[in-house]
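All remarks here apply to the structure that follows.
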Amino acid sequence: MIEVISAARCVECNQCVSVCPTNVFDRVEGDIPVIARQNDCQTCFMCELYCPADALYVAPDSEAVSGVTEAELEQSGLIGGYREKVGWGKGRQPVASHEYMIKLAARAGF
8 MIEVISAARC VECNQCVSVC PTNVFDRVEG DIPVIARQND CQTCFMCELY
58 CPADALYVAP DSEAVSGVTE AELEQSGLIG GYREKVGWGK GRQPVASHEY
108 MIKLAARAGF
């Protein structure tokens, strides 16, 4: 479930508002978007994936809000972590490298 939009990181691009399939966010003119309908979040990670500033944190538990703070997320390196793990963003490599996936596909006969 979406938990945090970092005011310090957010660049007000509203990508999260645009990509959310369940309309969780509201656009705010001249400010960062707000999580307006948190209970509608389906934990699809689309907002976190498309955020160019790594300003979002979606907790993997889709049933409950954990209450984690932005400070805790910064300290643990989790904010924007999903985007990093899949390799989105300049200079990033996915956790499972492309070559590894090719080898697996070859073994499977694809």
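Numbered continuously in the numbering used here, the sequence shown closes out at residue 117. Heads up, the beta-carbon is just placed ideally off N, CA and C, and yes, glycines get one too.
Check: Contacts around residue 44, its chain only, beta-carbon distance under 7 Å, and the 5 residues preceding and following it disregarded; Outcome: 30, 31
Check: Three-state secondary structure assigned by DSSP to residue 79; Outcome: helix
Check: Option nearest residue 84 by Cα separation, candidates 42, 61, 25; Outcome: 61
Check: Neighbourhood of residue 86 by C-beta, 8 Å cutoff - its chain only, sequence neighbours within 5 removed; Outcome: 11, 13, 16, 61, 62, 63, 64, 77, 80
Check: According to DSSP, residues forming a beta bridge with residue 65; Outcome: 9
Check: 8 Å CB neighbourhood of residue 72 in its chain, flanking five on each side removed; Outcome: 8, 10, 45, 66
Check: Span of the alpha helix (DSSP H), counted from its first residue to its last, around residue 88; Outcome: 88-92
Check: Burial state of residue 90, where buried means 16 or more other Cβ atoms lie within 10 Å; Outcome: buried
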